[in-house]
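**Student:** In short: position in the sequence shown from 1, add 888, done, that's our numbering. Can you read through this structure? Questions will come right after.
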Amino acid sequence: MTVRWVDAVVIVIAVAVGVAAVIAGGADDSPGLQGLGLIVVIGSVALAVRRARRRRHGGHRPRD
């Protein structure tokens, strides 16, 4: 149970850092920082969705 809790906290922190990078990049007019922040946010959300789907299906899904 603690592993799920730690995973959720890490993902929330990563999304928060990504959003902060997008905001800081916008304030400084830095497209590179905004891009990196966006990559962090999208990657974190994708990882969270992947973990949730695997947890719901009980581990690795077999290939078709």
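C-beta: ideal position from N, C-alpha, C; glycine also. It should be emphasised that the depicted structure is a prediction, and the values quoted were computed from it without experimental measurement.
(1) Starting from S932, trace the alpha helix (DSSP H) in both directions and tell me its first and last residue.
(2) Are the beta-carbon atoms belonging to A912 and S932 less than 8 Å from one another?
(3) Please tell me whether V910 and G920 are closer than 8 Å, where the distance is taken between their beta carbons.
(4) Do D895 and D939 have their beta-carbon atoms positioned less than 8 Å apart in this structure?
(5) Under a three-way DSSP split, which group does D916 fall into?
**Tutor:** Answer, in terms of the structure:
(1) Annotation for S932: the continuous alpha helix (DSSP H) segment containing it runs 919-945.
(2) It is not a contact, given that the beta carbons lie outside the stated cut-off.
(3) Contact flag unset, no.
(4) It is Arg, not Asp, that sits at residue 939 in the sequence shown. Going by C-beta atoms, R939 is nearer than 8 Å to D895.
(5) Coil, per DSSP.
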